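Numbering (our numbering), first residue to last: 34 to 503. Just so you know, even glycine gets a beta-carbon here, dropped at the ideal spot from N, CA and C. A quick note: this is a predicted structure, and the numbers were derived from the prediction, not measured. Taking it in order: structure first as structure tokens, then the write-up.
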Ligand code: PLI
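Now the structure itself:
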């Protein structure tokens with residue numbers, strides 16, 4: 034099992050390079066600002082990149098969520114929107130695309146991923162139950178907590194070490210899970226929450242062997258396994274590239290097998306499914322589906338639109354079929370890898386191995402002179418914006434929020450700034466410009482001071498918090 038590099042990827046084709054399996058038909062001009070303008074914009078935004086106006090951003094690496102470029106087929110699909118309140122044909126196309134691609138039986142659309150997280154959490158979690166998961170994700174854990182659940186991190190220890198080269202740092206540590214079951218009893222576990230290419234760990238995948246073993250363990254105790262399928266296509270590309278026995282299988286085949294070990298899934302279609310808005314819930318159990326289908330009309334919309342327009346569902350149905358193609362994933366992850374290898378060559382500390390959707394800069398290694406409560410990753414995202422107008426996102430103590438039981442910050446081991454690469458949006462030249470700006474920020478790291486939080490909202494504070502320079 035080894036990490037593919039752009040070189041080894043090229044070698045598969047007789048020393049020829051890969052390229053994007055598409056060409057560009059429409060372009061959107063970018064804005065270039067001066068450093069003085071950026072100083073002003075950043076201060077007005079309270080040093081929080083979420084609060085910048087996108088017009089003041091040059092290359093936008095805030096997120097890969099809802100930022101994909103849609104294909105001409107998807108745009109054509111938008112014109113086929115059947116905007117009937119009930120029973121839109123686009124819903125049935127979406128349902129078929131999910132059933133065929135992921136293999137689940139019963140499908141509900143939602144307005145985006147957190148809509149699906151809300152419904153599943155409040156349906157299956159009893160107050161006080163534990164929810165073990167392979168590292169937290171912000172909205173996922175919050176919905177679990179709002180439903181009365183208590184999240185427990187059962188990811189392998191390597192996931193918390195940015196330098197560990199473990200090829201599947203998203204894996205669940207089955208011993209940690211077993212210990213939790215032994216200590217509390219299986220009835221106290223609501224379900225195991227598994228995410229593909231674990232976002233907060235640096236886009237790190239889960240292996241097929243791990244999900245299979247997890248299924249067996251959970252079967253022994255009668256515990257359900259629910260999947261956050263948000264970046265599962267990318268997870269399956271890593272299985273194909275790194276895990277023995279999968280090299281000759283398509284991502285589509287790997288995905289069907291992986292999902293077959295889980296009982297249900299929720300999805301932020303704004304990522305892997307190549308659309309700008311949308312999500313879904315998929316379950317195999319009819320009784321659970323009936324409950325969810327009833328609840329969706331309370332919070333999202335009728336069960337055949339779930340808060341989406343017909344045209345959005347059509348674009349998603351087409352996006353799902355495009356996103357599972359091997360050539361799409363080769364270029365999508367190949368581009369992330371290209372950027373990561375440039376930074377690695379320059380000895381800039383990033384989470385290794387390079388993940389699926391983003392490069393994660395290790396802010397602790399950039400700023401060893403800062404305390405975690407000086408918000409090093411928030412500071413790093415601010416410095417990058419000041420240097421070049423590139424917008425990154427904090428994934429450290431600000432994102433982690435507070436423990437509802439103690440009121441203190443959660444102190445995550447990883448303190449990262451995420452350079453998230455939107456799908457099918459930027460070119461290799463943009464990757465070069467990004468790498469050079471990161472290098473400039475790295476070179477200027479010693480004189481940087483941290484930030485203090487001066488405004489803190491109660492929920493998901495990282496979105497709206499404001500900071501001042503120390
Ligand atoms: O942003 P939503 O509500 O469509 O989806 C929430 C969500 C659920 N799971 C995972 C793994 C996510 O990454 C996720 C959203 N992520 C965002 C917005 C991100 O920037 O990573």
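Put simply, of 491, 486, 492, 493 the residue whose alpha carbon is nearest the alpha carbon of residue 499 is 486. Shown here for residue 393: same chain residues with a beta carbon closer than 8 Å to its own, the five before and five after excluded, namely 195, 235, 236, 383, 384, 428, 447, 449, 450, 451, 452 in chain order. Apart from sequence neighbours up to five positions away, the residues of its chain that approach residue 122 with a beta-carbon distance below 7 Å are 115, ordered along the chain.
Listed in chain order, the non-local C-beta contacts of residue 373 below 7 Å within the same chain comprise 383, 387, 392, local neighbours out to five positions each way being set aside. Cβ neighbours of residue 66 within its own chain (closer than 8 Å, five residues either side excluded): 74, 89, 91, 422.
Annotation: the segment 229-289 contains the following complete segments of the alpha helix (DSSP H) (minimum length 4 residues), in chain order: 241-254, 265-275. Remark: C-beta atoms of residue 351 and residue 267 do not approach each other more closely than 8 Å. Among the bridge pairs identified by DSSP, residue 484 is matched with 502.
Only exposed fits residue 496, as fewer than 16 other CB atoms lie within 10 angstroms of its CB.
The Cβ-Cβ distance between residue 302 and residue 315 does not fall below 8 Å.
In the DSSP assignment, residue 399 falls within the unbroken alpha helix (DSSP H) covering 396-399. Remark: the shortest separation between the CB of residue 303 and any heavy atom of ligand 1 falls under 7 Å. Residue 298 carries a strand assignment under DSSP once its states are collapsed to helix, strand and coil.
DSSP, read as helix, strand or coil, puts residue 473 in helix. Collapsing the DSSP output to three states places residue 450 in a strand. One thing to note: residue 418 has its Cβ no nearer than 8 Å to the Cβ of residue 409. Following the DSSP letters along the chain, one finds residue 426 inside the beta strand (DSSP E) bounded by residues 426-428. For residue 315, there is no enclosing alpha helix (DSSP H); the enclosing beta strand (DSSP E) has its first and last residue at 312-316.
For residue 179, the enclosing alpha helix (DSSP H) starts and ends at 171-179. Residues 405, 430, 433 of the same chain have their beta carbon placed closer than 8 Å to that of residue 444, with the five preceding and five following residues left out of the count. Pairwise C-beta distances place the segment 246-257 in contact with the segment 221-235, as three or more of them are shorter than 8 Å. Closest by C-alpha distance to residue 376, out of 58, 458, 207, 466, is 466.
Of the candidates 85, 251, 60, 413, 85 places its Cα closest to the Cα of residue 70. The beta carbon of residue 269 sits closer than 7 Å to those of 284, 287, 288, 291, all from its chain and outside the five residues before and after it, given in chain order.
Spanning the alpha carbons of residue 150 and residue 173 requires a straight line of approximately 6 Å. A distance below 8 Å separates the beta carbons of residue 238 and residue 389.
Taking the C-beta atoms as reference points, residue 94 is found no nearer than 8 Å to residue 380. In this structure the segment 100-120 touches the segment 343-350; the number of beta carbon pairs closer than 8 Å is three or more. Distance between residue 458 and residue 339, taken at the CA atoms: about 28 Å. Contact check between the segment 357-365 and the segment 321-336: fewer than three CB pairs, one atom from each, fall below 8 Å, which does not count as touching. Cβ atoms of residue 308 and residue 101 come within 8 Å of each other, at about 7 Å. For the set 263, 54, 76, 175, the Cα lying nearest the Cα of residue 503 is the one of 76.
Per DSSP, residue 166 is one residue of the beta strand (DSSP E) stretching across 163-166.
Cβ contact annotation for residue 436 (same chain, cutoff 6 Å, sequence separation greater than five): 443, in chain order.
Residue state for residue 129 is assigned as helix, using DSSP reduced to three classes.
Shown here for residue 188: same chain residues with a beta carbon closer than 6 Å to its own, the five before and five after excluded, namely 167, 168 in chain order.
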